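What follows is a short report on a single structure.
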Amino acid sequence: MMRKPRHAGQKISLALSLVCGLLILPALGLFIWQWLAHGLADTWTPSLFAVIAFFACCAGVLYAMSVPQPILPPDGGDPSLRAE
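The sequence shown begins at 492 in the working numbering and counts up one residue at a time.
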């Protein structure tokens, strides 16, 4: 399927999605360290898990925003698909 090229906003969105994806790694490391050191009863442990979920959701939404739209067919396309 042919897609339009990414414009500047979509390129920025893709870059930010990669940044959010990379920020998951230190948050995951901190979460595992906090879990092993203090257990799940400490208030910081679930908070770090929420940070991981936040960055993952941000990365997913930003990536979805960065995907260029497909090229539409010309207006005089297939007559059987026209709504009358």
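Each residue gets a CB set at the ideal place from its N, CA and C atoms; glycine is no exception.
Predicted, not measured: the structure shown is a model, and the values here were computed from it.
Between residue i and residue j, what straight-line distance do the alpha-carbon atoms span, to the nearest angstrom?
i, j, result
"Phe545", "Gln501", "20 Å"
"Trp535", "Gln525", "7 Å"
"Val542", "Cys548", "10 Å"
"Ser504", "Ile562", "20 Å"
"Cys511", "Leu521", "16 Å"
"Ile523", "Asp533", "13 Å"
"Tyr554", "Arg494", "15 Å"
"Ala528", "Pro564", "58 Å"
"Leu513", "Pro537", "20 Å"
"Leu509", "Asp566", "37 Å"
Compare the C-alpha of residue i against each of the options and name the closest.
i, options, result
"Ala506", "Met493, Pro565, Leu521 and Val558", "Val558"
"His498", "Pro565, Pro564 and Met556", "Met556"
"Ile515", "Gln560, Asp566, Asp533 and Gly551", "Gly551"
"Pro496", "Gln560, Tyr554, Pro537 and Leu513", "Gln560"
Thinking C-beta only, is residue j closer than 8 Å to residue i?
i, j, result
"Leu539", "Ala518", "yes"
Along the alpha helix (DSSP H) that carries residue i, what are the first and last residues, could you check?
i, result
"Pro537", "Trp535 to Ser557"
"Pro517", "Ala499 to His529"
From the DSSP secondary-structure annotation, give me the bridge partner or partners of residue i.
i, result
"Pro561", "Arg494"
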